[in-house]
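Counting in full-length UniProt numbering, the sequence shown runs without a single skipped number right up to 301 at its last residue.
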Amino acid sequence: TVPGLTVPNPDESIASARPERIPVRRTILMCKPDYFTVVYRINPWMDPAIPTDTALAVAQWQTLYDTYVGLGFDVHLIDPIDGLPDMVYAANGGFVVDNIAYGAAFTYPERQPEGPAYMDWFRESGFDVRVPVEINEGEGDFLLVGDAILAGTGFRSASNSHEEVSAIYGRPVITLNLINPSFYHLDTAIAVLDDTNIAYLPSAFDEPSLVILRERYPDAIIVTEEDAAILGLNSYSDGYNVVIAARAKDFERQLRARGYNPIGVDLSELLLGGGGVKCCTLELRR
Ligand code: ARG
Numbered sequence: 016t017v018p019g020l021t022v023p024n025p026d027e028s029i030a031s032a033r034p035e036r037i038p039v040r041r042t043i044l045m046c047k048p049d050y051f052t053v054v055y056r057i058n059p060w061m062d063p064a065i066p067t068d069t070a071l072a073v074a075q076w077q078t079l080y081d082t083y084v085g086l087g088f089d090v091h092l093i094d095p096i097d098g099l100p101d102m103v104y105a106a107n108g109g110f111v112v113d114n115i116a117y118g119a120a121f122t123y124p125e126r127q128p129e130g131p132a133y134m135d136w137f138r139e140s141g142f143d144v145r146v147p148v149e150i151n152e153g154e155g156d157f158l159l160v161g162d163a164i165l166a167g168t169g170f171r172s173a174s175n176s177h178e179e180v181s182a183i184y185g186r187p188v189i190t191l192n193l194i195n196p197s198f199y200h201l202d203t204a205i206a207v208l209d210d211t212n213i214a215y216l217p218s219a220f221d222e223p224s225l226v227i228l229r230e231r232y233p234d235a236i237i238v239t240e241e242d243a244a245i246l247g248l249n250s251y252s253d254g255y256n257v258v259i260a261a262r263a264k265d266f267e268r269q270l271r272a273r274g275y276n277p278i279g280v281d282l283s284e285l286l287l288g289g290g291g292v293k294c295c296t297l298e299l300r301r
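Structural data, given as structure tokens:
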């Protein structure tokens, strides 16, 4: 090399071309899977004939909890209820923005008692609770991206709930139609990375929804079918750190290439219920 001439390190020049990712401290609600098991089948992932290991589910969940605490998040807990094995999927417990908690009204009777249980917790915690009229499964189908609310329908939340949410929050609500039963909640098909960026699985949506997604998010990360097949999209970001399924290797690579910090967590036991990282996480926005 020529003395006095510094050759730029290619890695560093890539890094400096990346936008700066700023972590924002999150406040979330989780529910320990003390009563987790699979005894009914309300999505294609669930098979009551396959045994579940509740102690392993708790241990894996604990790793997720510890990861969030390690990231400095303010993590709240709701008491699990015996007989409600899916209560660990706290994302379905409601949708909380602007201190308003829109309650959940579950599609299947097996989960319906969770709605009031979560609404009680919101009320006791000082949120302005809105009892839902329409069927909806909370943050499983409503994702806030910047000012807009992406809203899923097709398997669980009724499209009428999108109008209810729009009336409550006065924010733009964008309806997206899910078409693959394996990706039955919006949070299994889209990951929100920050106020302007998302990742998604195109094959989970119908064509009109894809037109919207391509137009709004031309730079979105497109995940592989392989990563999606282990619910790799079901992840949770603070704007820099993105907690993802440990096995979602290509998603991990794409996140890193864009300046995010992916953190892999193994929730294989909770995958038997059809849920991953995001399903276990409900954001609380005051
Ligand atoms: N067994 C649960 C159900 O089918 C899993 C929920 C997953 N939650 C989610 N936010 N995608 O309702």
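We put the beta carbon where it would ideally sit given N, CA and C, even for glycine.
Residue i - partner residues in DSSP beta bridges
i       : result
Glu-298 : Ile-43
Asn-151 : Ala-120
Asp-143 : Ile-115
Ile-278 : Val-258
Gly-167 : Leu-191
Cα-Cα separation, residue i to residue j
i       : j       : result
Val-148 : Glu-179 : 8 Å
Arg-186 : Arg-231 : 16 Å
Ser-28  : Tyr-255 : With a pLDDT of 49 at Ser-28, under the threshold of 50, the predicted position of this residue should be treated as unreliable, and no value is reported.
Ser-283 : Glu-154 : 21 Å
Gly-118 : Ser-176 : 11 Å
Asp-253 : Gly-161 : 13 Å
Ala-166 : Ala-105 : 17 Å
Gly-289 : Pro-34  : 34 Å
Asp-89  : Leu-158 : 20 Å
Pro-131 : Tyr-123 : 14 Å
Ala-70  : Asp-49  : 8 Å
Gln-77  : Lys-47  : 8 Å
Met-134 : Val-280 : 29 Å
Ile-278 : Asp-62  : 29 Å
Gly-291 : Ser-140 : 25 Å
Asn-238 : Val-258 : Here the sequence assigns Val to residue 238, which means Asn is not the residue at that position. Distance between the alpha carbons of Val-238 and Val-258: 15 Å.
Thr-82  : Ile-115 : 27 Å
Ser-31  : Gly-98  : Only weak support exists for where Ser-31 lies, its pLDDT of 49 falling under 50; the value from the coordinates is given anyway. Roughly 52 Å separates the two Cα atoms.
Asp-265 : Cys-295 : 22 Å
Pro-59  : Glu-125 : 16 Å
Glu-298 : Val-207 : 12 Å
Glu-129 : Glu-152 : 10 Å
Extent of the continuous alpha helix (DSSP H) to which residue i belongs
i       : result
Arg-271 : 264-272
Asp-81  : 69-85
Gly-109 : Run containing Gly-109: none in the alpha helix (DSSP H); it sits in the beta strand (DSSP E), 109-112.
Ala-182 : 174-184
Of the residues the options, the one placed nearest residue i, counting alpha carbons only
i       : options                            : result
Ile-43  : Phe-110, Val-54, Val-188, Leu-286  : Phe-110
Val-37  : Gly-288, Trp-60, Gln-75, Leu-86    : Per the sequence shown, the amino acid found at residue 37 is Ile instead of Val. If we check each option's Cα against that of Ile-37, Leu-86 comes out closest.
Arg-301 : Lys-264, Ala-261, Pro-217, Tyr-184 : Tyr-184
Val-262 : Trp-136, Glu-241, Pro-233, Ile-227 : It should be pointed out that residue 262 corresponds to Arg in this sequence rather than to Val. For the residues Trp-136, Glu-241, Pro-233, Ile-227, the minimum Cα distance to Arg-262 belongs to Glu-241.
Tyr-251 : Thr-239, Ala-244, Leu-270          : Leu-270
Tyr-199 : Ser-224, Ala-219, Val-146          : Ala-219
Ile-194 : Ile-213, Phe-170, Ile-205, Asn-212 : Phe-170
Tyr-215 : Glu-222, Pro-223, Leu-248          : Leu-248
Val-146 : Trp-136, Gln-127, Ala-120          : Ala-120
Pro-223 : Val-103, Asn-192, Tyr-275          : Asn-192
Thr-52  : Leu-286, Glu-298, Ala-243, Val-188 : Leu-286
Pro-217 : Arg-40, Pro-233, Cys-294, Asp-210  : Pro-233
Arg-40  : Asp-68, Val-84, Ile-205, Ala-64    : Val-84
Ile-57  : His-91, Asp-101, Thr-203, Ala-74   : Asp-101
Start-to-end residues for the beta strand (DSSP E) that takes in residue i
i       : result
Leu-286 : Run containing Leu-286: none in the beta strand (DSSP E); it sits in the alpha helix (DSSP H), 283-286.
Phe-157 : 157-160
Asp-89  : 89-92
key: alpha helix (DSSP H) segments (min. 4 residues) lying fully within the segment 190-275   = 222-231, 240-243, 264-272
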